[in-house]
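*Asks:* Residue numbers (the numbering used here): 321 to 696.
C-beta atoms are modelled at their ideal positions from N, C-alpha and C, and glycine is treated no differently.
As the structure is a prediction and not an experimental result, all values here were calculated from the model.
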Amino acid sequence: MTTADSVVELRGITKRFRDVTAVDGVDLSVNQGELLTLLGPSGCGKTTTLRMIAGFETPSEGDVYITGAPVTDVPAYNRDTGMVFQHYALFPHMTVADNIAFGLKMQGVPDDEVDERVADGLEMVRLGGLGDRYPSELSGGQQQRVALARALVIEPSVLLLDEPLSDLDKKLREEMRLEILRLHRELDVTMVYVTHNQEEALTISDRMAVMSDGRVHQVGTPEEVYQSPSDEFVADFIGNANILRGRATDIDDGQYRVDLKCASEVTLDRAATASSLDIAPGDDVNLLFRPERFTIRAENGRAGAGTDVNVVHGEVTEATYLGSRIDYFVRADGEQLHVVQQNIRRDDTFDAGDRVVLEFDPDGPFAIPSRSGGEA
């Protein structure tokens with residue numbers, strides 16, 4: 321049985337192309353009104369997974385359910401889905417209005433209702449008055465709006481989007497990202513969205529499914545995936561990661577200590593540990609440090625609380641000014657650490673060659689399992 325609120329459910333989905341396994345035993349549910357992204361590097365299986373939901377590919381094993389009904393063997397044209405493609409897939413010989421009307425006419429909707437829904441669709445994507453134009457007369461962003469309207473006017477149970485913004489320049493991508501979010505919220509439509517862009521996924525997702533080598537490594541909210549990654553692959557793929565390897569030496573109820581080559585005594589909150597880990601004294605530990613969780617100060621400057629605990633001494637090897645922030649790379653006992661400092665005070669910046677101290681709180685690092693998936 322599917323869960324009560326799930327619109328899409330995948331059970332043990334596997335897809336093989338001859339001797340290549342593109343998707344490997346994926347279990348996934350998408351809830352009513354949710355925007356779930358399938359995120360991962362090229363070749364990880366995310367688009368193949370989407371195509372199995374749409375009905376363009378048939379699973380080698382496993383089952384697909386949409387609104388509780390099994391659709392594994394149902395052809396794409398009989399599934400209650402709408403699809404937005406990376407390259408728009410508009411009919412160049414048809415007007416904008418006729419492109420939007422195409423799916424409605426295929427469904428046998430009466431002409432007067434088609435006209436009304438097309439007009440509503442144009443207004444919905446802010447293209448009112450452009451119905452008589454042809455795709456070649458529109459910008460890339462406008463063409464993608466037409467593709468969105470065409471998929472939405474048929475009122476599908478789930479809207480599927482395959483890298484819909486990858487053909488647009490940065491400014492248009494940001495505009496269309498906001499447009500998709502607006503439509504998602506106003507229409508309360510369920511969406512499954514494929515992307516390899518981490519920033520895009522973090523911005524728009526209710527939940528993210530991070531994939532590699534055909535498998536789902538983690539499903540969670542953007543905050544959960546970023547702050548508490550399930551393993552080294554997820555930590556390294558989402559955002560910037562400093563991963564240091566050490567050994568647990570002492571554990572009590574609330575915290576434990578880890579020996580790191582490049583740091584003095586490191587104290588870690590026990591809660592800051594991936595759920596799959598059960599760490600004991602003597603165990604090897606991989607610690608994730610996000611660049612923004614460090615505080616950087618001059619080595620001869622004023623020390624923070626707990627001078628000898630949770631500090632790293634090093635030398636700045638590179639400083640990059642990025643307007644609102646400064647990116648530093650700090651060499652510490654053979655480790656190269658990425659540090660992000662918000663650009664607030666001009667007298668608190670450093671240059672290559674400066675000796676510095678990096679400080680962090682016990683909830684700064686996060687203990688994760690070793691890499692278990694493919695390379696990003």
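Determine the contact status of L479 and T510, defining contact as a CB-CB distance below 8 Å.
*Replies:* For L479 and T510, yes; Cβs fall inside 8 Å.
*Asks:* Measuring only the C-alpha atoms, how far is A600 from V578?
*Replies:* Cα-Cα distance, rounded: 11 Å.
*Asks:* Look up F775 in the DSSP assignment and give the residues it is bridged to.
*Replies:* Outside the displayed range of the chain (321 to 696) lies residue 775, so it cannot be described from this structure.
*Asks:* Tell me which same chain residues have a C-beta within less than 7 Å of the C-beta of I688, skipping the five on either side of it?
*Replies:* So the qualifying residues of the chain are P549, D551, E552, A555, A594, N606 and L608.
*Asks:* Can the beta-carbon of V512 be found less than 8 Å from the beta-carbon of L358?
*Replies:* Their beta carbons are under 8 Å apart, which means V512 touches L358 by this criterion.
*Asks:* For V586, which of P685, G602 and G363 has the nearest alpha-carbon?
*Replies:* Considering only alpha carbons, the answer is P685.
*Asks:* S692 to D604, Cα distance in whole Å?
*Replies:* Because S692 sits at a pLDDT of 46, beneath the cut-off of 50, its placement in the model cannot be relied upon, and the following sentence gives the value as read from the coordinates. Going from the Cα of S692 to the Cα of D604 covers about 16 Å.
*Asks:* Determine the direct distance from the alpha carbon of L580 to that of L564, and round the result to whole angstroms.
*Replies:* When rounded, the distance between both Cα atoms is 7 Å.
*Asks:* Keeping to the same chain, check which residues put their C-beta closer than 8 Å to that of E433; ignore five residues upstream and five downstream.
*Replies:* The answer, listed in chain order, is L424.
*Asks:* What first and last residue would you give for the alpha helix (DSSP H) that runs through T523?
*Replies:* Its alpha helix (DSSP H) spans residues Q518 to I524.
*Asks:* Touch check for the region 436 to 447 and the region 456 to 469: three-plus C-beta pairs under 8 Å?
*Replies:* Segments in contact, yes.
*Asks:* Helix, strand or coil: how does DSSP classify G626 here?
*Replies:* Its pLDDT being 47, under 50, G626 is placed unreliably by the model, and the measurement read from it follows with that caveat. Coil.
*Asks:* Tell me whether the region 330 to 343 and the region 379 to 389 touch, counting them as touching only if at least three CB pairs, one residue from each stretch, are closer than 8 Å.
*Replies:* Result yes; three or more Cβ-Cβ pairs closer than 8 Å.
*Asks:* Taking Q406 as the reference, which of S644, D339, L488 and Y648 has the closest Cα?
*Replies:* Residue L488 is the option with its Cα nearest to Q406.
*Asks:* Cα separation between E635 and T669?
*Replies:* The straight-line gap from Cα to Cα measures roughly 13 Å.
*Asks:* Could you tell me which of F376, P412 and G388 sits nearest to P395, measuring between CA atoms?
*Replies:* It is F376 whose Cα lies nearest to the Cα of P395.
*Asks:* Mind checking whether A561 and G602 have CB atoms under 8 Å apart?
*Replies:* Contact flag unset, no.
*Asks:* For the alpha helix (DSSP H) that contains Q463, what are its first and last residues?
*Replies:* G460 to L472 is the span of the alpha helix (DSSP H), which, as asked, contains Q463.
*Asks:* Mind checking who Y513 pairs with in its DSSP beta bridge?
*Replies:* Looking at the DSSP assignment, Y513 forms a beta bridge with T357 and L481.
*Asks:* Taking the C-alpha atoms as reference points, what is the distance between A625 and V631?
*Replies:* Because A625 sits at a pLDDT of 46, beneath the cut-off of 50, its placement in the model cannot be relied upon, and the following sentence gives the value as read from the coordinates. Cα to Cα, the separation comes out at about 10 Å.
*Asks:* Compute the Euclidean distance between the alpha carbons of R613 and I500, then round it to the nearest angstrom.
*Replies:* Roughly 31 Å separates the two Cα atoms.
*Asks:* Start and end of the beta strand (DSSP E) containing I571?
*Replies:* Taken as a continuous stretch (DSSP letters only), the beta strand (DSSP E) holding I571 covers N562 to I571.
*Asks:* Give the single residue among L522, S596 and D573 whose Cα lies nearest to the Cα of L588.
*Replies:* It is D573 whose Cα lies nearest to the Cα of L588.
*Asks:* For the alpha helix (DSSP H) containing T367, list its first residue and its last residue.
*Replies:* K366 to A374 is the extent of the alpha helix (DSSP H) around T367.
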